[in-house]
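Student:
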Ligand code: ADP
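Residue numbers (the numbering used here): 15 to 412.
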């Protein structure tokens with residue numbers, strides 16, 4: 015069955031058409047600047063050339079129609095007609111406590127997702143727009159929602175509760191949810207597969223290090239803790255997000271800089287992390303690596319603070335699970351940044367884990383980075399959230 019995987023943002027729409035049997039990507043692409051001027055679609059059929067075209071896309075429904083046009087186009091298309099799309103899998107960021115697994119999308123499900131909008135005001139409404147547009151264009155195609163939060167719904171209460179008055183949990187569901195669940199699930203499953211073991215018998219720490227970044231503790235196949243919280247701002251120092259900090263800083267800075275709390279949070283989300291720490295050099299680790307190599311002290315300090323925070327979380331999660339068998343690195347930085355992985359490796363020796371310098375010289379492919387016979391296996395496992403969504407969709411619809 016061909017599955018169309020959709021990841022819809024407020025002004026963008028990423029898509030992949032995946033054959034669920036061969037798990038091959040038949041075509042993929044991206045619509046950008048939807049509803050803004052200069053909107054463009056980039057489409058690439060399997061083995062073909064990637065082409066970008068500027069086409070007016072006033073809303074997401076127009077974008078979805080355009081995607082279908084591209085997929086069925088005589089020249090760059092890969093299917094004959096809409097009938098060859100068996101199902102659509104949608105990435106949905108926040109499922110709150112309502113969704114502990116993927117679901118077939120119905121009117122009732124959409125209502126429940128909408129009720130989670132408060133928890134992810136930047137993401138969920140955009141995801142919903144994508145679903146509505148797809149339903150409009152493909153009314154007879156079954157659709158599935160796959161949630162970033164679902165995998166972490168197994169966290170025990172001691173891990174998901176904040177030390178706040180209980181009434182806020184009761185009234186507003188203020189608690190830790192965690193994100194990147196599709197990736198943490200995919201990578202921990204793959205780690206067990208590669209090692210020829212049952213995930214239910216392993217304690218795995220997954221470090222998803224991309225622009226957004228989180229660490230999770232996966233014990234006996236279930237997420238028992240993860241570094242992101244109510245929103246994706248908590249936890250690691252990220253590209254532009256602060257991660258953990260004293261909440262009193264918000265009112266302190268609001269007072270000193272004459273800002274509202276919302277404005278300070280915006281700074282914590284968009285101008286902080288390694289971008290802020292480096293004095294504004296970049297949020298991109300390639301730029302920071304280059305600057306550090308040329309002797310820039312601030313870039314070096316930012317990278318050190320980043321690696322230190324990841325190291326601390328690994329230590330914390332080894333304690334949370336009372337041990338660890340596997341540490342897996344994934345996403346842009348985890349898969350590609352040899353230097354940063356090496357720096358994180360400095361903090362894991364006490365666990366009986368190591369990153370072998372020679373084995374660490376690898377990017378973007380599955381690999382074991384630790385010495386043979388090491389107590390803890392350190393692995394590189396490329397994530398594939400689109401494939402995970404396609405698998406979930408096929409499982410529920412097939
Ligand atoms: P997103 O969260 O947006 O999906 P990614 O997983 O693509 O983010 O990660 C983006 C980060 O990965 C960037 O900081 C980028 O510098 C880093 N990255 C990607 N490729 C490389 C590479 N070859 N070497 C070093 N860093 C890389």
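Built from N, CA and C at the ideal position, the CB exists for glycine as well.
Would residue 229 and residue 241 be called neighbours here (beta carbons separated by less than 7 Å)?
Tutor: Their beta carbons are under 7 Å apart, which means residue 229 touches residue 241 by this criterion.
Student: In angstroms, rounded to a whole number, what distance separates the CA positions of residue 191 and residue 129?
Tutor: If you take the alpha carbons of residue 191 and residue 129, they lie about 15 Å apart.
Student: Is the separation between the beta-carbon of residue 257 and that of residue 250 shorter than 7 Å?
Tutor: Going by C-beta atoms, residue 257 is nearer than 7 Å to residue 250.
Student: So if DSSP puts residue 59 in a beta bridge, which residue, or which two residues, is it bridged to?
Tutor: In the DSSP output, where bridge partners are listed per residue, residue 59 has 41.
Student: Looking only at DSSP bridge pairs, what is residue 46 linked to?
Tutor: 54.
Student: Buried or exposed for residue 309, please, with buried defined as at least 16 other CB atoms from any protein chain shown within 10 angstroms of its CB.
Tutor: Under this definition residue 309 is an exposed residue.
Student: When you compare only the Cα positions, how much space is there between residue 236 and residue 208?
Tutor: Near 18 Å, if we compare the C-alpha coordinates of residue 208 and residue 236.
Student: If you draw a straight line from the C-alpha of residue 54 to the C-alpha of residue 27, how long is it?
Tutor: Roughly 11 Å separates the two Cα atoms.
Student: Would residue 244 and residue 255 be called neighbours here (beta carbons separated by less than 7 Å)?
Tutor: For residue 244 and residue 255, no; Cβs fall outside 7 Å.
Student: Is the segment 121 to 137 touching the segment 47 to 66 in the sense that three or more CB pairs, one from each, lie closer than 8 Å?
Tutor: At 8 Å Cβ cutoff, the stretches do not touch.
Student: Got a sec, what are the start and stop residues for the alpha helix (DSSP H) residue 357 sits in?
Tutor: Run containing residue 357: 352 to 359, per the alpha helix (DSSP H) assignment.
Student: For the segment 321 to 340 against the segment 349 to 367, are there 3 or more C-beta pairs whose distance is under 8 Å?
Tutor: Verdict: yes, contact present.
Student: Unbroken beta strand (DSSP E) runs of length 3 or more, entirely within the segment 47 to 131: which are they?
Tutor: Segments of the beta strand (DSSP E) lying fully in the segment 47 to 131: 54 to 59, 65 to 68 and 101 to 106.
Student: Taking residue 31 as the reference, which of 68, 336 and 92 has the closest Cα?
Tutor: For residue 31, the nearest C-alpha among the options comes from 92.
Student: In chain order, what residues of the same chain have a beta carbon less than 8 Å from the beta carbon of residue 187, not counting five sequence neighbours either side?
Tutor: Result list for residue 187: 110, 111 and 133, in chain order.
Student: Kindly list the residues whose CB is nearer than 8 Å to the CB of residue 59, restricted to its own chain and excluding five residues on each side of it in sequence; keep chain order.
Tutor: For residue 59, where only same-chain residues beyond five positions count, the Cβ hits under 8 Å are 40, 41, 90, 91 and 92.
Student: Alpha carbon to alpha carbon, how far is residue 264 from residue 334?
Tutor: For residue 264 and residue 334, the distance between alpha carbons rounds to 29 Å.
Student: Any heavy atom of the ligand ADP closer than 6 Å to the Cβ of residue 161?
Tutor: Because no heavy atom of the ligand ADP lies under 6 Å away, the Cβ of residue 161 does not count as near it: no.
Student: Among the candidates 61, 114 and 315, whose CA atom is the shortest distance from the CA of residue 161?
Tutor: The shortest C-alpha separation from residue 161 is found at 114.
Student: Only counting runs of 4 or more residues, tell me where the alpha helix (DSSP H) segments fall wholly within the segment 265 to 322, in order along the chain.
Tutor: Correct list: 275 to 284, 287 to 291 and 299 to 307.
Student: Assuming contact is defined by CB atoms lying nearer than 7 Å, are residue 395 and residue 205 in contact in what I supplied?
Tutor: The answer is yes: Cβ separation under 7 Å.
Student: Which residues in the same chain as residue 275 place their Cβ atom closer than 6 Å to its Cβ, once the five residues preceding and following it in sequence are excluded?
Tutor: Excluding sequence neighbours, residue 275 sits near 264 and 268.
Student: Spell out the partners DSSP gives residue 223 in its beta bridges.
Tutor: Answer is 227.
Student: I'd like to know whether the C-beta atoms of residue 378 and residue 350 end up nearer to each other than 7 Å.
Tutor: In contact: residue 378 and residue 350 (Cβ atoms closer than 7 Å).
Student: Using the rule of at least 16 other Cβ atoms within 10 Å of the residue's Cβ for burial, across every protein chain shown, is residue 174 buried or exposed?
Tutor: Buried: at least 16 other Cβ atoms inside 10 Å.
Student: Evaluate residue 46 with the Cβ neighbour count: other Cβ atoms within 10 Å of its Cβ, from every protein chain shown; 16 or more gives buried, anything less gives exposed.
Tutor: Per the 10 Å Cβ criterion, buried.
Student: State buried or exposed for residue 270, treating a residue as buried only when at least 16 other CB atoms are found within 10 Å of its CB.
Tutor: Exposed, because fewer than 16 other Cβ atoms sit within 10 Å of the Cβ of residue 270.
Student: Within the segment 129 to 189, note down every full beta strand (DSSP E) run reaching 3 residues or more, in order along the chain.
Tutor: You should have 157 to 161.
Student: Tell me the DSSP secondary structure of residue 17 in three-state form.
Tutor: Correct three-state label for residue 17: strand.
Student: Run the CB neighbour count on residue 120, radius 10 Å, all protein chains shown included, and call it buried at 16 or more, exposed below.
Tutor: Classification for residue 120: exposed.
Student: How big is the Cα-Cα spacing for residue 158 and residue 289?
Tutor: Taking the straight line joining both Cα atoms gives about 36 Å.
Student: Strictly closer than 6 Å from CB to any heavy atom of the ligand ADP: give me those residues in the order they appear in the chain.
Tutor: Answer in sequence order: 224, 225, 226, 253, 298, 299, 300, 345, 346, 347, 350, 351 and 377.
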